[in-house]
Each structure stands twice: as C-alpha cells, then as structure tokens.
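What follows is one structure encoded as structure tokens, with my remarks underneath.
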Amino acid sequence: MKNFDKKNNSFNTLLAFVVVASFFLFFFQSFSITGNATEGSTISNVSIAKYLAITFGDNLSEGIQFGTVNTLPATNINATHNNDSTSISGGTTYTIEVHDDSNTNVDFCIRANAGLTSAGADVIGLGNETYNAFSTTNATYPLLSGETSLTTGYVKAVSNIDVGSMAYWRFWLDIPAAQPSGDYNNSVLFEGVTTGIAC
Amino acid sequence: MKKNIAFLFLTLVLVLTVVPLYSAGVGLRWEQETALVPENSDVCLTYGVYNPWPKDSYVKVQLSESLQEIIISSDNKVDSIPRSTFSNSSIPVRFCFKTPSIYKKDCLLLDSLLCSQSCEEEMKIYEGRVEVVEVSESQLKEGGSGGSATTMTVSAPLRVKVQCIPYSTDYSLVYIVVGAIALIILAWRIYKRKSKVNSQDKIKKKK
Chain A
8 MKNFDKKNNS FNTLLAFVVV ASFFLFFFQS FSITGNATEG STISNVSIAK
58 YLAITFGDNL SEGIQFGTVN TLPATNINAT HNNDSTSISG GTTYTIEVHD
108 DSNTNVDFCI RANAGLTSAG ADVIGLGNET YNAFSTTNAT YPLLSGETSL
158 TTGYVKAVSN IDVGSMAYWR FWLDIPAAQP SGDYNNSVLF EGVTTGIAC
Chain B
88 MKKNIAFLFL TLVLVLTVVP LYSAGVGLRW EQETALVPEN SDVCLTYGVY
138 NPWPKDSYVK VQLSESLQEI IISSDNKVDS IPRSTFSNSS IPVRFCFKTP
188 SIYKKDCLLL DSLLCSQSCE EEMKIYEGRV EVVEVSESQL KEGGSGGSAT
238 TMTVSAPLRV KVQCIPYSTD YSLVYIVVGA IALIILAWRI YKRKSKVNSQ
288 DKIKKKK
C-alpha cells in the first residue's frame, strides 16, 4: 500500500513538473529577452516624384475615320485628318500633346481592342489598319513607308516626345476585295509612359 | 476705342481657336515604383491624378494585366478630375490589393499547423503598370465606313516584390495543450485522492 502511494506521489510530481516546464517553455518562446541599445540615429530621406500629362488633339479625340470607300480592293486609304493641317502644309492633325506640367519625356504605345468589326460580325483584320508616328509633321512625315500594323498588345510607336511637344500620327487602312459592305468599328488605345519604360 | 474692339475680337478668335483644339487630358503623378510587401498582406498605394487642360475629365485607375493575378479586390470607381488641376495639386487616388501566399511552408500537422518557413526560394517579383485611363471614349460620327474610337492612358511602372519572412516552428500551442492536460490530470487526481480520504474519515467516524 505504501509502495502504491509512493508511485502515486511520483506521478503527481511528474505532472506538476510537466505543468511548470510547459509554462516556462511557453514563456521563453513567446517573450525573448533583449538588451538596451545605446546607439543614436537620424533619418535620411529623399522622395523622387515623376509626373506626366497628355491629351489628344481635337481630331484624334473624335476618333480615326476613313470615310466611305466605294471601290474595292483599296489600299492605304488615308484617315480623314492625315494631311489637313493648315499651319503646316500637308501635315497631320492627329496629335497627342505632352503638357508643360510634366517632368519627364514621354514614349507613346498603341494597340487596338480588335479588328474593325461590322454589326454583322464581319472583320477587317488588324493587319490592314496601320499607323506611323513622329515627333514632327509635314507633307511626308510621319512616313507611309514606315507604317506598322496595329496589334492587340501595346507596341511602342514613338519615343522621347519632349515636355510641351506633340506626337504626330497618321493612320491608313487596306480593305480586301471580298470585304462585305457595312460600317466597321473598333477602339484604338494610346498609352503614355516615361521614356525608356516598356509598354 | 476701335483699337480696344479689335483687341477684344482678336482675343476672342484666339480663345475660340486654341481652346477647342484640346480635349480633356489625363495626368499621373507618382512617387513609388517598387513596393516591398510581405506575402499574404494587404497593400494600398496612392497615386496623384491631374488634368491641366481647360476641360473636366473622368478617369479610372487600374493595374495592367501582368499584375492582375495578385489583385484580390480593387476599387474600379471612376474619378472626376476638374479642369486646370495641376500636378502640384493632384487628386490622390488610392487603390488596394492583396499579395498572395506564395512561399513554401513546412508544417508538422495537417499542412497548416506547427509550420516553419525557411525562405530558400528566390524573391518573387511581379512587374506591371498602374494605368490611369480616360473613361469617355471618342464618339464616332455616324455614317461612312466607320472607324476607330480612341482612348488615352498614362501609366507608371510598378514592381511588387513579395517578401518572404522566415520563421521557425512555433511550439507555443503544444506547450499550452500539454501543460493544460497535465494540469487537468493533476487536479483530477488530487480531487479524487481528497474525496477518497474524506470518505475513509467518514467510515472511521461511523465505526
């Protein structure tokens, strides 16, 4: 009987030890002991801000139109404002301006949401709608020979347009002979990014 | 008098010819291109939008496609920017996203308990752009062979570096559970022993 009591007491002592040990282990895991630092410090700080603002010229804000086409096939149909500048003879009036209140030169990227599509779901493929952009304009620039087809992903069209300057754009359209008649529409998106940054 | 009228007329002609040349514009001001964010945490970034042109514009702020995978929720509301808002008084637009939990954890229990993280993997970086899109699309004139509506966007680059924070297994829960079980058993044994002693005392007294 005495032996049984002794065993019982040992087990209780073991349990008490487990309780105390658990408490200590929990305490040391949760609260680490640290010393006091005696060093001093001061803050060094700099903020670099970049800002840019762009706007469409009036004609580009109204969209890119190619008028009515009566004869197919048709190639390199000029958009309606490709050559109608009065201040610069034969220049384009499709422009995007970088405002003076910008502190970085701007690259412009371009993409289309889809090919020109009619209400009947006929499509003039994106390979047929082309553009070129340049930092100045006259009767020849932006050059037709430098035309590039629109894509659905952004592509850099013109780089390093100065603050307070404009990017000048021209657009052309090819229509295959078998294209069904109708009104065809899509959206063209322009993006201004800091010079050197990918689209 | 005639000179004044001529001056007024010239000014009017100038205003009427210059102002309509420009539509509303969009401007973006930013001070941060890289965000270092712990995994599985909410992040909010603030960008300034402005419109220095003489016509109100409406914009929405969004993240480019390459950053869409880390967006859990974002505010896609349209903000109005009054005309002649310059960069030094740009309107702050705040948008928030949540970084995913991407780094490997070693868990001892049920794949989610008693976990540790060693952070041996390379830092995951998401690159993309914050885009401010002018909302109103151009209106195409009726008739003709149609054409393309135009939309403009300005964007700022954004790199989201998802930080892995290493930690060792936290055994606190185990210590608490083991300690509590030992305490309950101990209390139960003491209680049982006392009640046994009491009943033996009662029997002795009866005798």
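Which chain is which? The protein sequence lines are A and B, in order.
For our numbering, count along the first sequence from 1 and bump the result up by 7.
For our numbering, count along the second sequence from 1 and bump the result up by 87.
Using N, Cα and C, we set each Cβ at its ideal position, and we do this for glycine too.
Since we're looking at a predicted model, the values are computed, not measured.
Secondary structure of residue i, DSSP reduced to three states
i: THR20 (chain A); result: helix
i: GLY40 (chain B); result: Residue coverage of chain B in this structure runs from 88 to 294, which leaves residue 40 (chain B) outside it and unanswerable.
i: ASN78 (chain B); result: Lying before the first or after the last residue shown, residue 78 (chain B) is absent from chain B, which here runs from 88 to 294.
i: GLU229 (chain B); result: For GLU229 (chain B), the predicted structure reports a pLDDT of 46, less than 50, and the residue's modelled location is therefore unreliable. The matter cannot be settled from this model.
i: ALA56 (chain A); result: coil
i: ARG246 (chain B); result: strand
i: GLY266 (chain B); result: helix
i: ILE50 (chain A); result: coil
i: LYS163 (chain A); result: strand
i: ALA274 (chain B); result: helix
i: LEU108 (chain B); result: In this predicted model, LEU108 (chain B) has a pLDDT of only 46, less than 50, meaning its place in the structure is not dependable enough to derive any value.
i: LEU197 (chain B); result: coil
i: ALA81 (chain A); result: strand
i: ILE95 (chain A); result: coil
Min CB distance residue i to chain A below 8 Å
i: LEU108 (chain B); result: In this prediction, LEU108 (chain B) scores a pLDDT of 46, lower than 50, which makes its location untrustworthy; the coordinate-derived value is nonetheless stated afterwards. With 8 Å as the cut-off, LEU108 (chain B) counts as an interface residue toward chain A.
i: TYR137 (chain B); result: yes
i: GLU118 (chain B); result: yes
i: ALA122 (chain B); result: no
i: LEU132 (chain B); result: no
i: TYR262 (chain B); result: yes
i: PRO253 (chain B); result: no
i: LEU201 (chain B); result: no
i: PRO244 (chain B); result: yes
Sheet register partners of residue i (DSSP bridge)
i: THR155 (chain A); result: A:TYR138
i: CYS251 (chain B); result: According to DSSP, which records beta bridges pairwise, CYS251 (chain B) is partnered with nothing at all.
i: LYS185 (chain B); result: B:ASP129
i: ASP114 (chain A); result: A:VAL200
i: ILE131 (chain A); result: A:LEU123
i: ALA236 (chain B); result: A:SER194
i: GLY135 (chain B); result: B:ARG116 and B:PRO179
i: VAL220 (chain B); result: B:LYS147 and B:THR240
Extent of the continuous beta strand (DSSP E) to which residue i belongs
i: TRP176 (chain A); result: 173–182
i: VAL195 (chain A); result: 191–201
i: TYR146 (chain B); result: Checking the sequence, you will find Val at residue 146 (chain B) rather than Tyr. Counting along the chain, the beta strand (DSSP E) containing VAL146 (chain B) begins and ends at 144–150.
i: TYR101 (chain A); result: 101–105
i: LEU201 (chain B); result: 200–203
i: SER167 (chain B); result: 165–168
Terminal residues of the alpha helix (DSSP H) in which residue i lies
i: LYS191 (chain B); result: Neither: LYS191 (chain B) is in no alpha helix (DSSP H) and is coded neither H nor E.
is_contact[residue i, chain E] using C-beta, thresh 8 Å
i: LEU270 (chain B); result: Looking for chain E here will not work: the only protein chains present are A and B.
Test: residue i CB closer than 8 Å to a CB of chain B
i: THR168 (chain A); result: Reading the sequence as shown, one finds Ile at residue 168 (chain A) and not Thr. It does not: the Cβ of ILE168 (chain A) has no partner Cβ on chain B nearer than 8 Å.
i: THR78 (chain A); result: no
i: ALA60 (chain A); result: yes
i: HIS106 (chain A); result: yes
i: ASN90 (chain A); result: no
i: GLY132 (chain A); result: no
i: ASP190 (chain A); result: yes
i: LEU196 (chain A); result: yes
The segment 113–126 of chain A: which residues have C-beta closer than 8 Å to a C-beta of chain B, in chain order? For the segment 113–126 of chain A, the set of positions with a beta-carbon nearer than 8 Å to some beta-carbon of chain B reads ALA119, LEU123 and SER125 in chain order.
Under 7 Å (Cβ pairs) to chain B, residues found in the segment 153–179 of chain A: Only those residues of the segment 153–179 of chain A whose C-beta falls short of 7 Å from the nearest C-beta of chain B would be listed, and there are none.
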